[in-house]
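What follows is one structure encoded as structure tokens, with my remarks underneath.
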Amino acid sequence: MRIGMVHYAGPPFVGGVELTIFHHARILLALGHQVVVVAGRGEACLPGMVFHHVPQVGSRGARIEALNAALARGDIPDDFEPLVAEIREALRTTLHGYDVVIGHNFFTLHKNLALTTAVYRMVLAGEGPPWIAWHHDFAWLRPQYLPELHPGEPWELLRRPWPGVRHVTVSAAQRTDLARLYGVDEARIAVVPPGVEPSTLWRLPPRIATLVEQWGLWRADVVFLLPARITRRKQIERALEWLAALRAHTGEDARLIVTGPPGPHNPANQAYFQELLALRARLGITEAAHFAYEAGVEPTDEEVAALYQVADALMFTSKQEGFGIPVLEAGLLRLPIFATDLPPFHESVAPDAFLFAPETPPEQVASEIAEALRNDRALRLRKRMLREFTWRRIVEDRLLPLVQAQAHTA
112 MRIGMVHYAG PPFVGGVELT IFHHARILLA LGHQVVVVAG RGEACLPGMV FHHVPQVGSR
172 GARIEALNAA LARGDIPDDF EPLVAEIREA LRTTLHGYDV VIGHNFFTLH KNLALTTAVY
232 RMVLAGEGPP WIAWHHDFAW LRPQYLPELH PGEPWELLRR PWPGVRHVTV SAAQRTDLAR
292 LYGVDEARIA VVPPGVEPST LWRLPPRIAT LVEQWGLWRA DVVFLLPARI TRRKQIERAL
352 EWLAALRAHT GEDARLIVTG PPGPHNPANQ AYFQELLALR ARLGITEAAH FAYEAGVEPT
412 DEEVAALYQV ADALMFTSKQ EGFGIPVLEA GLLRLPIFAT DLPPFHESVA PDAFLFAPET
472 PPEQVASEIA EALRNDRALR LRKRMLREFT WRRIVEDRLL PLVQAQAHTA
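Read left to right, the sequence shown gives residues 112 to 521 (the numbering used here).
In structure tokens, the structure reads:
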């Protein structure tokens, strides 16, 4: 699809709306769509993004600021109609051939009423693609703005639902406000919240971000980290058994990441790695237990630290440890710890870690892990953020269906 976006300013300028435009455009482009941004300020800051700089669309500059000052007094200046005509022609040209356009803010905000009027007249005349109105603020509902608003057009356009336009707010509370302002049923208004980008927030290095996408970890129900080289002393087969038992017990998509390569000092470690791959296949968890070494990555210390950010819990199944530094790292990063019961761990993380005797059956371990995770409110919140509020989930699950439906109204 060819999707347009219009706002006073676009990325890379800093602001909530500009950030929304950036992430919407980034993910739509990654999904194979074409994106054009039309704004008074900004630039083509993403590969493949088309940017049209149209100063008349902005909220700043001498001409727009003079217009806004006159309109705030209740006067319609002589330059208003020529400016509306210029904007209308610019939008007709820049948006020609696009399937749908998302307009941010100017349907209910008064920072450029010439832009509002130009788009309103295009909608009435059936010019250009169908519009989605993305509302972030409502001038007529903000006491600080009311002195700048007056009876009649163009001010009244900000509290009037336009024919054929699909309306979106960023929260259910704002949907209630917009429905009250427009005098329409809330069912006519969609809600699409903003989101977060975990790879940016966690500062994931490129190779780790690639692995996370390759393995589909954002959609996993829980991700365990086992930061160790592949040696028999680390007893990784037990972690595979725990993972398989947990997946069978809960029916959820639990994952495991093993960070290290086979230990370099014993040639038998390569044979051990092959044994682990065979066990993984027998347990039916080939798509759930991930070895960085198998993916061609031997993580640096920085990359292992990043994997701690990706993980929801530590799974550490060694049969012997002199001390066990990973349990300290997990504790510092607030990760629940599920480990074999070794004496050094009683000096460091007991009784706050979940420690299992060597003879504990995997099914019992799985039951206790599942119970611990169910009772972890911070983990539940984290998984909800990843499940519902990443930018990719929002674009794929909420934005795209709206865009496709509105495009088909043309």
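We treat Cβ as the ideally placed atom computed from N, Cα and C, and that holds for glycine. Remember, predicted model here, so these are calculated numbers, not experimental data.
Check for me: the beta strand (DSSP E) holding residue i runs from which residue to which?
{"i": "Phe465", "result": "465-467"}
{"i": "Tyr119", "result": "113-120"}
{"i": "Ala424", "result": "424-427"}
{"i": "Gly214", "result": "211-215"}
Taking the continuous alpha helix (DSSP H) assigned at residue i, which residues delimit it?
{"i": "Thr501", "result": "Run containing Thr501: none; DSSP gives neither H nor E here."}
{"i": "Arg509", "result": "Looking at the DSSP string, Arg509 is not in any alpha helix (DSSP H), and its letter there is neither H nor E."}
{"i": "Val408", "result": "Element bounds for Val408: n/a, residue is neither H nor E."}
{"i": "Ile480", "result": "473-485"}
So what's residue i in DSSP terms, helix, strand or just coil?
{"i": "Phe346", "result": "Inspection of the sequence shows that residue 346 is occupied by Gln rather than by Phe. Three-state DSSP puts Gln346 in coil, outside helix and strand."}
{"i": "His135", "result": "helix"}
{"i": "Ala356", "result": "helix"}
{"i": "Leu315", "result": "coil"}
{"i": "Pro188", "result": "coil"}
{"i": "Arg391", "result": "helix"}
{"i": "Leu367", "result": "strand"}
{"i": "Gln145", "result": "strand"}
{"i": "Val421", "result": "helix"}
{"i": "Ile341", "result": "strand"}
{"i": "Leu194", "result": "helix"}
{"i": "Phe335", "result": "strand"}
{"i": "Val125", "result": "coil"}
{"i": "Pro373", "result": "strand"}
{"i": "Ala521", "result": "coil"}
Whose C-beta lies closer than 7 Å to the C-beta of residue i among residues of the same chain, with five residues either side of it excluded?
{"i": "Val334", "result": "Leu328, Arg366, Ile368, Val421, Ala422, Asp423"}
{"i": "Val460", "result": "Val438, Gly442, Ile448"}
{"i": "Tyr209", "result": "Arg113, Ile114, Gly115, Val147, Pro240"}
{"i": "His118", "result": "Val128, Ile132, Ala150, His215, Asn216"}
{"i": "Thr361", "result": "Ala481"}
{"i": "Ala434", "result": "Looking at the sequence shown, residue 434 is not Ala but Phe. Excluding residues within five positions, the ones whose Cβ falls inside 7 Å are Pro455."}
{"i": "Ala250", "result": "Thr219, Leu220, His221, Tyr256, Leu260, Leu269"}
Return the chain-ordered list of same chain residues with a C-beta closer than 6 Å to the C-beta of residue i, the five sequence neighbours on each side being excluded.
{"i": "Phe218", "result": "Ala244"}
{"i": "Glu474", "result": "Ala356"}
{"i": "Tyr383", "result": "Arg343"}
By Cβ distance, which residues of its chain are closer than 8 Å to residue i, with the 5 residues on each side in sequence left out?
{"i": "Gln517", "result": "Val211, Pro241, Trp242, Ile243, Arg277"}
{"i": "Ala521", "result": "Asp210, Val211, Pro240, Pro241"}
(request) Jot down the residue ranges of each uninterrupted alpha helix (DSSP H) in the region 234-304, minimum 4 residues, whole runs only, in chain order. (result) Runs of the alpha helix (DSSP H) spanning 4 or more residues and lying entirely within the region 234-304 occur at 283-293, in chain order.
(message) For the pair the region 199-210 and the region 221-236, tell me if three or more CB-CB distances fall below 8 Å.
(response) yes
(message) List, from N- to C-terminal side, the beta strand (DSSP E) runs of 3 residues or more that fit wholly inside the region 151-179.
(response) 161-164
(message) My parser needs the alpha helix (DSSP H) runs of 4 or more residues fully inside the region 433-471; what are they?
(response) 436-443, 456-459
(request) Report yes or no: do three or more beta-carbon pairs, one from the region 337-357 and one from the region 312-326, lie closer than 8 Å? (result) no
(request) Assess, as a yes-or-no matter, whether the region 488-508 is touched by the region 193-200 under the definition of 3 or more beta carbon pairs within less than 8 Å. (result) no
(request) For the region 372-381 and the region 490-500, state whether three or more C-beta atom pairs, one from each stretch, are separated by less than 8 Å. (result) No, the region 372-381 does not touch the region 490-500.
(message) Check whether the region 392-402 and the region 303-310 touch, using three or more Cβ-Cβ pairs below 8 Å as the test.
(response) no
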